[in-house]
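Note sheet for the following structure.
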Amino acid sequence: MPRRIMYAKEVRDQGPRHRSVNQISGTIPPQIGSLARIQALHIFENHLNGSIPEEIGYLRSLTELALSTNFFNGSIPPSLGNLNNLSHLYLYENHLSGSIPAEIGKLVNLVEAYLQVNQLTGHIPPEIGKMRSIQNLSLYTNIPKTIGDLTELKLLYVDANQLSGPIPSVLGNLKKLNYLILNNNQLSGPVPSVLGNLKNLNDLTLSNSQLTGSIPSSFGNLRNLQTLFLSDNNLIEEIPSSICNLTSLTVLDLSRNILKGKILQCLGNISSLQYVMMSHNNLSGELPSSICNLTSLQILDLGRNNLMGAIPQCFGNMSGHLEVLDMKHNNLSGDNLLNDTFPMWLGTLPELRVLTLRSNKLHGPIRTSGSEHMFLELRIFDLSRNDFSKNLPTSLFQHLKAMRTIDQTSKEPRYLGDSYYHDSVMVSSKGLELELLRILTIYTTIDLSNNKFEGYIPSIMGNHIALRVLNLSHNGLQGCIPQGNQFHTFENNSYEGNDKLRGFPLSKGCGNDSHDSVSEKTYIGSALDEESNSEFQNDFWKAALMGYGTGLCIGLSIIYFLTSTRNMKATLNLQKKK
Numbered sequence: 175m176p177r178r179i180m181y182a183k184e185v186r187d188q189g190p191r192h193r194s195v196n197q198i199s200g201t202i203p204p205q206i207g208s209l210a211r212i213q214a215l216h217i218f219e220n221h222l223n224g225s226i227p228e229e230i231g232y233l234r235s236l237t238e239l240a241l242s243t244n245f246f247n248g249s250i251p252p253s254l255g256n257l258n259n260l261s262h263l264y265l266y267e268n269h270l271s272g273s274i275p276a277e278i279g280k281l282v283n284l285v286e287a288y289l290q291v292n293q294l295t296g297h298i299p300p301e302i303g304k305m306r307s308i309q310n311l312s313l314y315t316n317i318p319k320t321i322g323d324l325t326e327l328k329l330l331y332v333d334a335n336q337l338s339g340p341i342p343s344v345l346g347n348l349k350k351l352n353y354l355i356l357n358n359n360q361l362s363g364p365v366p367s368v369l370g371n372l373k374n375l376n377d378l379t380l381s382n383s384q385l386t387g388s389i390p391s392s393f394g395n396l397r398n399l400q401t402l403f404l405s406d407n408n409l410i411e412e413i414p415s416s417i418c419n420l421t422s423l424t425v426l427d428l429s430r431n432i433l434k435g436k437i438l439q440c441l442g443n444i445s446s447l448q449y450v451m452m453s454h455n456n457l458s459g460e461l462p463s464s465i466c467n468l469t470s471l472q473i474l475d476l477g478r479n480n481l482m483g484a485i486p487q488c489f490g491n492m493s494g495h496l497e498v499l500d501m502k503h504n505n506l507s508g509d510n511l512l513n514d515t516f517p518m519w520l521g522t523l524p525e526l527r528v529l530t531l532r533s534n535k536l537h538g539p540i541r542t543s544g545s546e547h548m549f550l551e552l553r554i555f556d557l558s559r560n561d562f563s564k565n566l567p568t569s570l571f572q573h574l575k576a577m578r579t580i581d582q583t584s585k586e587p588r589y590l591g592d593s594y595y596h597d598s599v600m601v602s603s604k605g606l607e608l609e610l611l612r613i614l615t616i617y618t619t620i621d622l623s624n625n626k627f628e629g630y631i632p633s634i635m636g637n638h639i640a641l642r643v644l645n646l647s648h649n650g651l652q653g654c655i656p657q658g659n660q661f662h663t664f665e666n667n668s669y670e671g672n673d674k675l676r677g678f679p680l681s682k683g684c685g686n687d688s689h690d691s692v693s694e695k696t697y698i699g700s701a702l703d704e705e706s707n708s709e710f711q712n713d714f715w716k717a718a719l720m721g722y723g724t725g726l727c728i729g730l731s732i733i734y735f736l737t738s739t740r741n742m743k744a745t746l747n748l749q750k751k752k
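Numbered by this note's numbering, the letters in the sequence shown go through residues 175 to 752 in order.
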């Protein structure tokens, strides 16, 4: 049973009172005012309700008042202004209403004040500018100009409120500011260039508002900046090259704006970058190979732009940490117009979990290498809406280790990404396309729909017991759908638009067609030979280039060796078929 807060005579005047996280319910009695010598009152994360009594103003020795995460209602009592020794005030996550009383400005010793996530209205009183000792301030509504007088301020946090109008230029006076967080508001107008004066900033977050204009070049002065969030605004023009001066930057989020121009070549100089998010803009041109220098990169999301050309092959060497590569909805076309357009070298990235190349201009067959260590951690594999052709890559499906096992150890949901980034995935269900904005780590999907693949579905795909969604629709596949294992979990829409496919769950039955089974085995052998031949061709031309560079005789000798090796492989394959 929740306990009610009680104050007995014998516990009065004995210093701090900690009643936090105890499921205390009820109201704070007015007798609280008799605890004249109490220095700290912590009753946060409980079930207290009612109003905060005026009698709290009698606790003149109080230095810390923590009533956050309860159900208090009513207004903030003006009597709080009597607490001259108060240094820490926590009233966040309640149901407090009304405006902040002007008397709050009397708290000249206040160091921290957190008032967010309430139902407060009105303007912040200008008297707040008298609190010259305050370092961390979390508010809820429009910022008064007097906030520029708080020269000791290190944190200004105004998140998820109704903050509107332009960002006050007086914020440029707060030279000691480390954290400026004004996201999820209705801010408008340009980003003031004076923010570039805040050289001690570690975190600048202005995302999810209605800001316009360009990114100030003065941001290049913020040499201590580690995280820059400007997403979900209406920012225009090109990304200023001065951004590359931010050599301490770990997170750069410019997504969902109207930015144009090319991706900066100099971004590759910011070796500390771990997250680069620039999706949903109008960026154009080719991907700079300098991105491959970002050896700490974990997330690269450049989807929904107008990028073109090929994914640089050096991406396969760029980072042992890369988890997400999202390039969907661009104009990527591969490195030539013939074949070898699928970037198989990405398979060597040991931590790659999400590969999304959806809705580009990639084409040709998918050639795989003979390595057994390809795409071992891949969970989201989306190549849909391209022009890939020929057979489904059987040897590729022999890898994909993360799709063949289910983690039974996790006791609570875990998502790809973290507090900085959540990737999304498009899922087709019953003719509708749905976007999942957060992806569970147990959620795995293969989407090869809307391409020109042909031939049979490899039965080995049924071994992927962790696979939740398989979409092979709208291709040129044929034959019987393999049965058993994971294939029983997929619906009709996984296969629609392949007129020559039959078998469960489609209405066209297979019966006991042994001829079809033999044809499938023949197809699989042919497909593997084709992929092996591709591997040989790649080695052949590498050797030819070596010969050109170091001597034709040596090159021809290597070619002869590879040719002999190829003949041995062919002989072994022939023996296996027999």
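Note that the Cβ used here is the ideal one computed from N, Cα and C, for glycine as well.
Quick caveat: nothing in here was measured; it's all calculated off a predicted structure.
*Provide the residue span of the alpha helix (DSSP H) that contains THR568, from first to last.*
From DSSP, the alpha helix (DSSP H) with THR568 extends over 568-571.
_For ILE286, report the span of its beta strand (DSSP E) as first-last._
First, the amino acid is wrong: residue 286 is Glu here, not Ile. Per DSSP, GLU286 belongs to the beta strand (DSSP E) from 286-288.
_For LEU361, which residues in the same chain have their Cβ closer than 8 Å to its Cβ, ignoring the five residues on either side in sequence?_
Here the set comprises LEU337, SER338, GLY339, PRO340, ILE341, LEU380, SER383, GLN384, LEU385.
*CA-CA distance, SER253 and SER208?*
If you draw a straight line from the Cα of SER253 to the Cα of SER208, it comes to about 15 Å.
*Looking only at C-alpha atoms, which of TYR353, ILE655, TYR617, SER392 sits nearest to LEU369?*
Nearest option by C-alpha distance: SER392.
*Determine the extent of the beta strand (DSSP E) in which LEU329 is found, giving its start and end residues.*
First-last of the beta strand (DSSP E) with LEU329: 329-331.
*Any idea if GLU497 is buried or exposed, counting beta-carbon neighbours within 10 angstroms, 16 or more meaning buried?*
Burial call: buried.
_What residue range does the beta strand (DSSP E) around LEU761 cover?_
Not covered by the structure: residue 761. The range shown for the chain is 175 to 752.
*With a threshold of 16 other CB atoms inside 10 Å of the CB of ALA287, please say whether the residue is buried or exposed.*
So ALA287 counts as buried.
_In chain order, what are the residue ranges of uninterrupted alpha helix (DSSP H) at least 4 long that sit wholly in the region 354-412?_
The qualifying runs do not exist here; there are none.
_Reduced DSSP secondary structure (H/G/I, E/B, other) of GLU460_ = It is a strand residue.
_On the CB-based measure, 16 or more other CB atoms within 10 Å of its CB, does LYS349 come out buried or exposed?_
Counting Cβ neighbours within 10 Å, LYS349 comes out exposed, since fewer than 16 surround it.
_Outcome for ILE639 when other beta-carbon atoms lying within 10 angstroms are tallied against a minimum of 16_ = Here ILE639 is exposed, its C-beta having fewer than 16 other C-beta atoms within 10 Å.
*Output the distance between the C-alpha atoms of ARG541 and LEU433, rounded to the nearest integer angstrom.*
Rounded to the nearest angstrom, the two C-alpha atoms are 35 Å apart.
*For LEU423, is the beta carbon positioned less than 7 Å from some heavy atom of the ligand ADP?*
The ligand ADP is not among the ligands present in this structure, which contains no ligands whatsoever.
_Cβ neighbour criterion (16 or more within 10 Å) applied to ARG478_ = Looking at its Cβ environment, which holds 16 or more other Cβ atoms inside 10 Å, ARG478 is buried.
*Under 8 Å between the Cβ atoms of GLY279 and ILE302?*
Between GLY279 and ILE302, the C-beta gap is smaller than 8 Å, which places the two residues in contact.
*Alpha carbon to alpha carbon, what distance is there between PRO204 and SER422?*
Answer to the nearest angstrom: the Cα atoms are 51 Å apart.
*Hey, how far is the Cα of LYS319 from the Cα of ASN347?*
One alpha carbon belongs to LYS319, the other to ASN347, and they sit about 11 Å apart.
_So, with DSSP's three-state summary, where would you put PHE489?_
The answer is helix: DSSP assigns PHE489 an H, G or I state.
_Candidates LYS328, PHE403, LEU471, ASP333, of which the one nearest GLU365 by Cα_ = Per the sequence presented here, residue 365 reads as Val, with Glu not at that position. VAL365 has its Cα closest to that of PHE403, out of LYS328, PHE403, LEU471, ASP333.
*Does DSSP put GLU756 in a helix, a strand or coil?*
Residue 756 is absent from the structure shown; the chain starts at 175 and stops at 752.
_Please tell me whether SER558 and ASP621 are closer than 8 Å, where the distance is taken between their beta carbons._
Yes, they are a contact pair.
*Is it the case that the Cβ atoms of MET492 and LEU461 are separated by a distance below 8 Å?*
Not a contact, by the Cβ cut-off of 8 Å.
_DSSP three-state assignment for ILE465, whether helix, strand or coil_ = In the structure shown, ILE465 adopts helical secondary structure according to DSSP, grouped into three states.
*Would you report the Cα separation of ASN637 and GLN660, rounded to the nearest angstrom?*
Here the C-alpha atom of ASN637 lies approximately 7 Å from the C-alpha atom of GLN660.
*asked:* Does GLU551 come out as helix, strand or coil in the three-state DSSP assignment?
replied: Looking at GLU551 - three-state DSSP - the assignment turns out to be coil, as it is neither helix nor strand.
*List the DSSP bridge partners of ASN247.*
DSSP, once it has assigned bridges, lists SER225, HIS269 as partnering ASN247.
*Measure from the alpha carbon of LEU345 to the alpha carbon of each residue in GLY363, ASN352, ILE321, ASN358, then state which is nearest.*
Cα-wise, what sits closest to LEU345 is ILE321.
*Which first and last residues belong to the beta strand (DSSP E) in which LYS564 is found?*
Going by DSSP, LYS564 is part of the beta strand (DSSP E) stretching over 561-565.
_Beta-carbon proximity check, THR522 vs GLY490, cutoff 8 Å_ = A Cβ-Cβ contact shorter than 8 Å links THR522 with GLY490.
*Report all residues from its chain with a CB closer than 8 Å to the CB of LEU651; omit the five preceding and five following residues, and keep chain order.*
Correct list, in chain order: LEU566, PHE627, GLU628, GLY629, TYR630, ILE631, TYR669, ASN672, LYS674, LEU675.
_So ASN625 and ASN649 are supposed to be a Cβ contact under 8 Å. How far apart are they, rounded?_
Contact holds; Cβ gap of about 6 Å.
*Within this structure, are the beta carbons of SER242 and PHE218 separated by less than 8 Å?*
The Cβ atoms of SER242 and PHE218 sit closer than 8 Å to each other.
_Whether LEU420 touches MET451 by CB criterion (8 Å)_ = No, they are not a contact pair.
*Which residues in the same chain as ASN268 place their Cβ atom closer than 6 Å to its Cβ, once the five residues preceding and following it in sequence are excluded?*
Contacts found: ASN244, PHE246, ASN292.
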